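Encoded as structure tokens, the structure appears first; notes follow it.
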Amino acid sequence: MNLFIVESPFQLLSAIEASHTFPSDSNLLIIKYLPEQKNSSINNSQFDLLIKLKSWDKIIKIKHKRSYFLSDLKLLFCIIVPQQIKTTN
């Protein structure tokens with residue numbers, strides 16, 4: 046499984062290239078959107094356009110509100126909890 050965590054459109058382009066260079070049966074993309082600020086809407090809309098360049102097995106979108114800690118905690122929850130569900134079944 047390939048796991049890609051991106052915070053900028055350029056990182057997403059690099060993740061797309063890496064997924065082609067290192068093929069895998071599953072590709073997980075985690076996008077950490079910028080907090081609501083002046084230029085964040087341009088950046089976030091670029092994410093939405095670039096996502097369509099590749100088909101991903103799973104995409105997790107994390108939108109920052111105020112605290113980066115809370116969004117990182119949400120990211121940890123999104124990754125660990127599904128893994129625990131799979132191992133207990």
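Per this note's numbering: the sequence shown = residues 46 to 134. Quick reminder that beta carbons are idealized off the backbone N, C-alpha and C, glycines included. Bear in mind that the values here come from a model prediction, so they are computed numbers and not experimental data.
C-beta atoms of residue i and residue j nearer than 8 Å
i, j, result
"isoleucine 105", "isoleucine 75", "yes"
"serine 71", "aspartate 93", "no"
"lysine 99", "serine 59", "no"
"leucine 73", "methionine 46", "yes"
Per DSSP, the bridge partner or partners of residue i
i, result
"isoleucine 50", "Ile75"
"isoleucine 107", "Lys77"
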